[in-house]
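Everything below concerns the one structure shown next.
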Amino acid sequence: MKIFLCCAAGMSTSMLVSRMEQAAKEKGLVCEISAHSISEFEECIKWSDVCLVAPQVKFKYEEFKRIANEQGKGCGLIDMMNYGLLKGDAVLIQAVSLYHEHATTTTSTEG
Numbered sequence: 393m394k395i396f397l398c399c400a401a402g403m404s405t406s407m408l409v410s411r412m413e414q415a416a417k418e419k420g421l422v423c424e425i426s427a428h429s430i431s432e433f434e435e436c437i438k439w440s441d442v443c444l445v446a447p448q449v450k451f452k453y454e455e456f457k458r459i460a461n462e463q464g465k466g467c468g469l470i471d472m473m474n475y476g477l478l479k480g481d482a483v484l485i486q487a488v489s490l491y492h493e494h495a496t497t498t499t500s501t502e503g
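This is the structure:
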């Protein structure tokens with residue numbers, strides 16, 4: 393699973409990525425996680441499975457969610473508390489949930 397976090401500049405989001413990678417390792421999940429600025433969204437959504445939008449760029453969430461859904465990808469807004477407290481495990485769970493939710497939807501509509 394490929395996850396990218398979409399943010400303004402990437403500093404605090406990079407710390408969250410590290411926490412998410414640690415949580416994935418502890419859970420035995422194989423995934424690639426990275427942080428990118430909102431200007432990179434259109435390129436990143438092409439290769440990712442899930443996009444999580446950071447609270448500071450919440451104003452772009454609806455647009456990004458629409459684009460992601462059109463391309464068959466999951467997109468969610470990171471909870472402000474989870475983001476601020478760098479709760480990598482909680483944000484990882486959100487990403488996995490979006491991934492499975494979308495995989496189920498895609499499978500059921502294709503079958």
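Residue numbers (the numbering used here): 393 to 503. Yeah, the Cβ is synthetic: ideal placement off N, Cα and C, and Gly gets one too.
Beta-bridge pairing of residue i - partner residues as DSSP gives them
i	result
Ala427	Leu397
Gly466	Val442
Whole-angstrom distance between residue j and residue i, CA atom to CA atom
i	j	result
Lys394	Gln448	22 Å
Thr499	Gly466	Confidence at Thr499 is low in this model, with a pLDDT of 43, below 50, so the placement of that residue should be treated as unreliable; the coordinate-derived value is given next. So the two alpha carbons sit approximately 14 Å from each other.
Ile437	Val488	16 Å
Gly420	Gln463	28 Å
Beta-carbon spacing of residue i, residue j below 8 Å
i	j	result
Cys398	Phe456	yes
Ala446	Thr405	yes
Ala401	Ser429	yes
Gly468	Leu484	no
- prompt: Would you say the segment 422-435 touches the segment 402-413, given that touching needs at least three Cβ pairs under 8 Å?
  reply: When C-beta atoms of the segment 422-435 are compared with those of the segment 402-413, three or more pairs fall below 8 Å, so the two segments count as touching.
message: For the structure I just gave you, are there three or more beta carbon pairs, one from the segment 468-482 and one from the segment 440-454, closer than 8 Å?
response: yes
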